[in-house]
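Chemist: What follows is a single structure, and I will ask about it in a moment.
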DNA sequence: ACGATAAATCAACACTTGTTGATATAAGGG
DNA sequence: CCCTTATATCAACAAGTGTTGATTTATCGT
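Dropping the structure here:
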């Protein structure tokens, strides 16, 4: 006994930890979850650091500011985006159903994407920068796809903007405000109910 | 800057001001606008007080805490609510149009109401209390009206929840995210495009 | 006129936030 | 081995937050 071997003496928790840490990614994951759950303001650096099992100062050393950390979180995988774009291929008769499904599954699918989007949405409500990002997502990505299928640009912009906004509203109702009837309803059933309405907005007549 | 360097010495701006001030209402108005514009967290007592041309401590003396001030702001006038309820009277064929119009005009009408709703929506994203309030607004008020017109309760709840959420989404797109095509479009045109979709959600078939 | 009360400001507290500089430990190349 | 670099913690700052107690000035009932 009295032998101070190797195991009993790591008193100071300071300094670099042994092995490959992967801490940077852990911080990013914690940040994404926190931003999505609490919004930008309420998601403090200290909480994020704590979630990642790390000191707050380290977060600042990796990502230089809270803003840059947020920016690092705000990205949607190209794969998810292409899945949305593909939704526009096919018979126009089922356009609403495909667009609705693509949207809702993106917003409720892989946390890597859905949490980013939720965070973006939450932040868009309090931060102009995030609002601009979401605006671009809603506008450019969808408009690019919808435009060729509709008559004139202005019409296409309004229709696609409305469709995106309404689908976004469904997400807000389900995930944020958590209207009981919506939050409990399963995704497939929601899609079945919403799709015809989106179809109406996208292709339905209004000039009648 | 803006230092008033007049030579007369109007002694100490302290103490009660002459005349009936109406300051209490001014604080409430400033708070409503700030909460709607900045959200709960970013709307500081000091900013609200400054908007009302008053010291921050006075705000605390009138409304005892920031929470109570917020609660005081969160109320929609009975008149506005009854206007919404009336929207459900009439031929079912035009139900979507009336509900859409009632909603959108409420959300974009008298600032007394629309700012409260915007503030509620913004706050719902960061504060569970506000989320519950908005949930109740979306659910109870509308469900009570829609229920008699639809077959079973579950169906009615889901349909009315979806309609409200989608309309809320349109507001978010127009007022918060500010999707250009939507923000620029005038209200009447938006109603004309959205109404058929809401009609579809409320009364349209799904079992087909 | 007087005293109670309401309306207003001031100064400060206790706390949290993002951020920074110093320091400590590990990893890796020469 | 040493020296650089990446990883980690600690302590503290400056700014901003909601909130409070003391104080000053006007209003109103008696």
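Residue numbers (the numbering used here), protein chains in the order written: chain A, 1 to 208; chain B, 209 to 416.
No residue lacks a Cβ here, since even glycine has one placed at the ideal position from N, Cα and C.
Keep in mind the model is a prediction, meaning the values are calculated, not measured.
Ordered along the chain, which non-local residues of its own chain (more than five positions away) have a Cβ less than 8 Å from that of residue 102 (chain A)?
Modeler: If we look at residue 102 (chain A) and ignore the five residues flanking it on each side, its Cβ neighbours are 83, 84, 86, 87.
Chemist: Where do the ends of the alpha helix (DSSP H) carrying residue 281 (chain B) lie?
Modeler: Start and end: 274-281.
Chemist: Would you mind giving the Cβ-Cβ distance between residue 74 (chain A) and residue 116 (chain A), rounded to the nearest angstrom? I have them listed as a contact below 8 Å.
Modeler: About 6 Å; that satisfies the 8 Å criterion.
Chemist: Identify the continuous alpha helix (DSSP H) that holds residue 62 (chain A) and give its terminal residues.
Modeler: Run containing residue 62 (chain A): 56-62, per the alpha helix (DSSP H) assignment.
Chemist: Closest to residue 202 (chain A) by CA distance: which of A:172, A:176, A:165, A:174 is it?
Modeler: Taking only the C-alpha atoms, the option nearest residue 202 (chain A) is A:165.
Chemist: Among B:388, B:285, B:299, which one has its Cα closest to the Cα of residue 223 (chain A)?
Modeler: Residue 223 (chain A) lies beyond the stretch modelled for chain A, which goes from 1 to 208, so this question has no answer here.
Chemist: Can you have a look at residue 403 (chain B) and say buried or exposed, based on whether 16 or more other CB atoms are within 10 angstroms of its CB?
Modeler: So residue 403 (chain B) ends up on the buried side.
Chemist: So, is residue 301 (chain B) buried or exposed, given that buried needs 16 or more other C-beta atoms within 10 angstroms?
Modeler: It counts as exposed.
Chemist: Hey, how far is the Cα of residue 49 (chain A) from the Cα of residue 113 (chain A)?
Modeler: The alpha-carbon atoms of residue 49 (chain A) and residue 113 (chain A) are separated by roughly 21 Å.
Chemist: Give the straight-line distance between the Cα atoms of residue 170 (chain A) and residue 186 (chain A), rounded to the nearest whole angstrom.
Modeler: Roughly 13 Å between the two C-alpha positions.
Chemist: Please tell me whether residue 36 (chain A) and residue 118 (chain A) are closer than 7 Å, where the distance is taken between their beta carbons.
Modeler: Contact: yes.
Chemist: Quick check on residue 9 (chain A): does DSSP put it in helix, strand or coil?
Modeler: Confidence at residue 9 (chain A) is low in this model, with a pLDDT of 42, below 50, so the placement of that residue should be treated as unreliable; the coordinate-derived value is given next. Three-state DSSP puts residue 9 (chain A) in coil, outside helix and strand.
Chemist: Taking DSSP as the reference, what is the three-state secondary structure of residue 173 (chain A)?
Modeler: Here residue 173 (chain A) sits in helix by DSSP.
Chemist: Would you please verify whether the beta carbon of residue 30 (chain A) is less than 7 Å from any beta carbon of chain B?
Modeler: Taking Cβ atoms only, chain B never reaches closer than 7 Å to residue 30 (chain A), which makes this a no.
Chemist: Kindly indicate the opening and closing residues of the alpha helix (DSSP H) around residue 229 (chain B).
Modeler: Residue 229 (chain B) -> no alpha helix (DSSP H), and no H or E assigned at all.
Chemist: If you draw a straight line from the C-alpha of residue 253 (chain B) to the C-alpha of residue 57 (chain A), how long is it?
Modeler: So the alpha carbons of these two residues sit roughly 30 Å apart.
Chemist: How is residue 296 (chain B) classed by DSSP in three states: helix, strand or coil?
Modeler: Coil, per DSSP.
Chemist: Say whether chain B places a C-beta atom closer than 7 Å to the C-beta of residue 96 (chain A).
Modeler: No, residue 96 (chain A) does not count as interfacial toward chain B.
Chemist: Cα separation between residue 55 (chain A) and residue 33 (chain A)?
Modeler: Cα to Cα, residue 55 (chain A) sits roughly 18 Å from residue 33 (chain A).
Chemist: Taking all protein chains shown into account, decide if residue 189 (chain A) is buried (16 or more other Cβ within 10 angstroms of its Cβ) or exposed.
Modeler: The residue in question, residue 189 (chain A), is exposed, as its Cβ has fewer than 16 Cβ neighbours within 10 Å.
Chemist: If you follow the alpha helix (DSSP H) that residue 260 (chain B) is in, where does it begin and where does it stop?
Modeler: Looking at the DSSP string, residue 260 (chain B) is not in any alpha helix (DSSP H), and its letter there is neither H nor E.
Chemist: Throw me the rounded Cβ distance for the residue 235 (chain B) and residue 308 (chain B) pair, which I believe falls under 8 Å.
Modeler: Not a contact, Cβ separation roughly 35 Å.
Chemist: Where does residue 305 (chain B) sit, in a helix, a strand or coil, going by DSSP?
Modeler: In this structure, residue 305 (chain B) counts as helix in the three-state DSSP scheme.
Chemist: Please classify residue 331 (chain B) as buried or exposed, where buried requires at least 16 neighbouring CB atoms within 10 angstroms.
Modeler: Residue 331 (chain B) is buried by the Cβ-count criterion.
Chemist: Using a C-beta to C-beta distance shorter than 7 Å, which residues of chain A count as neighbours of residue 408 (chain B)?
Modeler: In chain order: 196, 197, 200.
Chemist: Relative to the C-alpha of residue 318 (chain B), which candidate in B:289, B:280, B:344, B:336 has its C-alpha closest?
Modeler: Residue B:289 is the option with its Cα nearest to residue 318 (chain B).
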